[in-house]
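As structure tokens, the structure follows; a few thoughts come after it.
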Amino acid sequence: MAAFDDISINTMIGGGSAFYGDLRVSGGMMIDGDVDGNIEISGNIIVAERARVRGNITAKSAIISGIVIGDIRAPESIKLMSSSTVIGDVSTRKLHVADKVILHGHCISIADQERYEKEDTVQSQSKEIRNKAFVR
54 MAAFDDISIN
64 TMIGGGSAFY
74 GDLRVSGGMM
84 IDGDVDGNIE
94 ISGNIIVAER
104 ARVRGNITAK
114 SAIISGIVIG
124 DIRAPESIKL
134 MSSSTVIGDV
144 STRKLHVADK
154 VILHGHCISI
164 ADQERYEKED
174 TVQSQSKEIR
184 NKAFVR
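Per the numbering used here, the sequence shown starts with residue 54, numbered consecutively.
Set out below in structure tokens:
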């Protein structure tokens, strides 16, 4: 996948590690442990097979092999590997879904940049309205 020609990793959360809180990372990141919080990355993210993320992910591109309970927004590409489970919405211009993936949520995958940005904005606004409509 062209979006992952640069697989440099600046930050890693190793297996057996847990992080609680929101993360902002410059560059690439790999998660092999547990993260409970939102993740915002300027580069690529890899969520390994044993990883668990409970929060939204925003990155340039994403490879998901573990479990994500939250939305994934990666404009360049999202690759869901056969061991992945995603409970949340995905938004990208290029989506690859392997066999045996569990995906429960809305999906936006539009190759055209302008159309993608428009639909992504509409989806985000709709989700905000839905979230405000429910009392928690």
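Virtual Cβ for every residue (Gly too), placed ideally from N, Cα, C.
- Restricted to the stretch 96 to 139, the beta strand (DSSP E) segments that are unbroken, complete and at least 3 residues in length are 97 to 100, 105 to 107, 114 to 117, 120 to 122 and 130 to 133, listed in chain order.
- Here residue 106 is buried. Its C-beta has 16 or more other C-beta atoms within 10 Å.
- Beta-bridge analysis with DSSP links residue 181 to no other residue.
- Under DSSP, residue 73 forms a beta bridge with 89.
- The bridge partners DSSP lists for residue 159 come to none.
- Excluding its 5 nearest sequence neighbours in each direction, residue 158 has C-beta neighbours in its own chain below 6 Å: 141 and 142, listed in chain order.
- Ranked by Cα distance from residue 176, the first of 137, 94, 164 and 145 is 145.
- Non-local C-beta neighbours of residue 99 in its own chain, meaning closer than 6 Å and more than five positions away in sequence, comprise 83 and 116, ordered along the chain.
- If you draw a 10 Å sphere on the C-beta of residue 132, you find 16 or more other C-beta atoms in it, and that means buried.
- In the three-state DSSP reduction, residue 150 falls in the strand class (E or B).
- Scanning 151, 91, 124 and 94 for the CA closest to the CA of residue 136 turns up 151.
- With fewer than 16 other Cβ atoms inside 10 Å of its own Cβ, residue 168 counts as exposed.
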